[in-house]
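Taken in sequence, the protein lines are chains X and Z.
For the first sequence, the numbering used here gives the first residue as 1, with consecutive numbering after it.
For the second sequence, the numbering used here gives the first residue as 1001, with consecutive numbering after it.
Where a beta carbon is used, it is the ideal one built from N, C-alpha and C, also for glycine.
Accompanying notes for the structure given below.
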Amino acid sequence: DAKTTQPPSMDCAEGRAANLPCNHSTISGNEYVYWYRQIHSQGPQYIIHGLKNNETNEMASLIITEDRKSSTLILPHATLRDTAVYYCIVILSIQGAQKLVFGQGTRLTINP
Amino acid sequence: NAGVTQTPKFRILKIGQSMTLQCTQDMNHNYMYWYRQDPGMGLKLIYYSVGAGITDKGEVPNGYNVSRSTTEDFPLRLELAAPSQTSVYFCASSSLAGEYNEQFFGPGTRLTVL
C-alpha cells in the first residue's frame, strides 16, 4: 500500500471550512484513499473514501487530484466536536479484510 | 446494536503475567482486527481474522496470540507481559457485505505493564 504524508497539526476557526491535505504520490491505479478520525482517546471513526472522483457524504467531502497523487478532506462547517486526529490511509482493496496502516495523522484543533 | 465492545477498559499487569483482552461485536461482521496504539503514534495491526477459525498476523504480532471460535468474539492473549506491551489496544470489525468496508472500532483497553 502507498505511503501517505500529512501535516502534523492544523488549526481552524469554528464555523469555517477545514481543509486537510494528504500526499500519496506513489498511489497505484487501483488503490483507494480512506479517511478516519480519532477523537481524543476513542477508537477511530470512518469518515469517507474515494478512488478517482470527488466524494461527499454527511460528514465531509473528499477531493482527489486528477493525477491522484494528493487529496484533501474538507469539513465544510467545522465545529468544536471536529477536534481530532485525522488519518489519511491508502488501501488496495475495497473488499476483504483491510490491513489499515495508520501514520501519525493530522491533529486538527477547532478554535472557538 | 452495541457495536464493538471491549473489556476491560483499564488493566495494570506485572511483568511476566498473562491476560486476555476481550472483544465482541454484534453486527455479524466477518472480519475482525486487533490494533495497538502507543502514545502519540498511529495504530498498528497486531492480528486479524477473516472468519471463525481463521486468523493471520499483522504488522506487530510478536508476544500476542489470538483465536476466533465464533463470529462474535475475537480475544487477544498476552502470555508473558512486557513493558513494551504498554499501550492502548483497539479491536475493530468490518463486513464482507459492507458497502464501504469501513472498520468499526471499539472503545479500547488501556494496558500498563510494570
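Asked	Found
Simplified DSSP assignment, three categories, for residue 1084 of chain Z	helix
Residue 1031 of chain Z versus X:100, X:110 and X:87, residue with shortest Cα-Cα distance	X:100
C-beta atoms of residue 1051 of chain Z and residue 1024 of chain Z nearer than 9 Å	no
Straight-line Cα distance separating residue 21 of chain X from residue 71 of chain X	6 Å
Proximity below 9 Å, CB of residue 143 of chain X to CB of residue 33 of chain X	Residue 143 of chain X is absent from the model: chain X starts at 1 and stops at 112.
Min CB distance residue 1041 of chain Z to chain X below 9 Å	yes
Straight-line gap, residue 26 of chain X to residue 52 of chain X (C-alpha atoms, nearest Å)	15 Å
Spatially closest choice to residue 1027 of chain Z from Z:1103, Z:1112, Z:1107 and Z:1109, by CA coordinates	Z:1103
Same chain only: Cβ atoms within 8 Å of residue 80 of chain X, ignoring 5 sequence neighbours per side	14, 110 and 112
Contacting residues, own chain, Cβ-Cβ under 6 Å from residue 1066 of chain Z (five flanking each side not counted)	1047, 1055 and 1076
Where the stretch 87-101 of chain X meets chain Z: residues whose CB sits under 7 Å from a CB there	87, 94, 95, 97, 98, 99 and 100
Sequence ranges, beta strand (DSSP E) only - wholly within the stretch 1047-1075 of chain Z, length at least 3	1054-1057 and 1064-1066
DSSP state of residue 81 of chain X mapped onto helix, strand, coil	helix
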